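Following: one structure in structure tokens, then a few remarks.
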Amino acid sequence: MRRANQLETHLERYTHSDRFRKLFSAKLDMTIKRARITTRLVASYVGVKEHEVNFWRAGITLPGSGQCRRLSRLLRVDLAWLCAAPENRAVA
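Each number in the working numbering corresponds to the 1-based position in the sequence shown with 9 added.
Written out as structure tokens, the structure reads:
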């Protein structure tokens, strides 16, 4: 439960950061392409509509903490890597 709260706080902290959204969307898009799965499959697994996944991939919005966990499981990537903030720089 504590980890869930930490992730939620982290995502909320960076929700308005263009730089964080761009970094997250680039990682997500690259990982989906490498996994060779469709947006429809991702949406179905995560439990959202396809346009939500498209918004995440475009850096328009961010998924919630539960959705990030499901994404990391589906895509077989580390949750900390997927949701990490840019290193060594303040995120605006």
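Heads up, the beta-carbon is just placed ideally off N, CA and C, and yes, glycines get one too.
Quantities reported herein were computed from a predicted structural model and do not represent experimental measurements.
Check: Leu84 to Gly68, Cα distance in whole Å?
Finding: 18 Å
Notebook entry, point to check: Is it buried or exposed for Thr70, if we count other Cβ within 10 angstroms and need 16 for buried?
Noted result: Exposed: under 16 other Cβ atoms inside 10 Å.
Notebook entry, point to check: How long is the line joining the alpha carbons of Arg82 and Lys36, rounded to whole angstroms?
Noted result: Between Arg82 and Lys36, the C-alpha separation is close to 14 Å.
Next item on the list: Would you tell me roughly how many angstroms separate the C-alpha atoms of Val55 and Ser34, rounded to the nearest one?
Entry: Within the model, the alpha-carbon separation for Val55 versus Ser34 is close to 16 Å.
Notebook entry, point to check: Taking C-alpha atoms, which residue in Val51, Ser26, Ala94, His60 lies nearest to Leu80?
Noted result: Of the candidates Val51, Ser26, Ala94, His60, the one whose C-alpha sits nearest the C-alpha of Leu80 is Val51.
Item checked: 8 Å Cβ shell around Thr48 - same chain, five flanking residues per side excluded -> Shown here for Thr48: same chain residues with a beta carbon closer than 8 Å to its own, the five before and five after excluded, namely Ile41, Glu59, Val62, Asn63, Arg66 in chain order.
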